[in-house]
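J.:
Residue numbers (our numbering): 96 to 259.
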């Protein structure tokens with residue numbers, strides 16, 4: 096088990112070295128169906144994830160929208176705040192993930208660019224995606240343009256080294 100003081104010290108050094116990082120949510124190219132195109136994971140995020148032992152392919156569950164807990168939920172194009180249900184690397188639940196939703200296509204696409212530990216500190220740059228896995232992000236037929244009505248309030252979230 097890693098000592099909490101060591102984790103806090105490492106995170107403090109990491110956060111100080113990453114001060115001023117910018118979330119890369121603007122300028123993402125869109126595919127013809129309105130879903131986002133490929134996007135690189137910034138070096139700062141890869142370093143932060145490595146320090147926090149959040150390696151590519153690691154996964155956990157999230158409450159898709161921290162502000163909606165009853166099914167169905169409605170997502171809108173734009174920013175989203177999700178909540179970790181279980182720990183992800185050294186990031187403890189119920190930390191928050193901040194990212195962006197795209198509702199074009201048959202399912203919602205969610206990319207996460209920042210994490211906020213609930214025990215204090217600054218936001219940490221990350222690269223993670225919510226995945227369809229068991230159909231959690233499939234839009235209901237009654238979804239209006241610019242929205243995604245989902246039957247599920249939870250989804251898997253996976254650490255990635257690039258958005259594809």
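We treat Cβ as the ideally placed atom computed from N, Cα and C, and that holds for glycine.
Using beta-carbon positions only, say whether residue 225 and residue 252 come within less than 8 Å of one another.
T.: It is a contact, given that the beta carbons lie within the stated cut-off.
J.: For a cutoff of 8 Å on Cβ pairs, would you count residue 135 as touching chain C?
T.: You won't find chain C in this structure, because it holds only one protein chain.
J.: Which residues in the same chain have their Cβ closer than 8 Å to the Cβ of residue 207, if we skip the five residues on either side of it in sequence?
T.: 177, 192, 193, 194, 221, 222, 223, 224, 225 and 252, listed in sequence order.
J.: Please classify residue 257 as buried or exposed, where buried requires at least 16 neighbouring CB atoms within 10 angstroms.
T.: Residue 257 is exposed by the Cβ-count criterion.
J.: Taking its Cβ as the centre, do 16 or more other Cβ atoms sit within 10 Å of residue 236, making it buried, or is it exposed?
T.: Its Cβ having fewer than 16 others within 10 Å, residue 236 is exposed.
J.: Identify whether residue 223 lies in helix, strand or coil by the three-state DSSP scheme.
T.: Residue 223: strand per DSSP, three-state reduction.
J.: Which residue from 190, 170, 139 and 149 puts its Cα closest to that of residue 247?
T.: Residue 170 is the option with its Cα nearest to residue 247.
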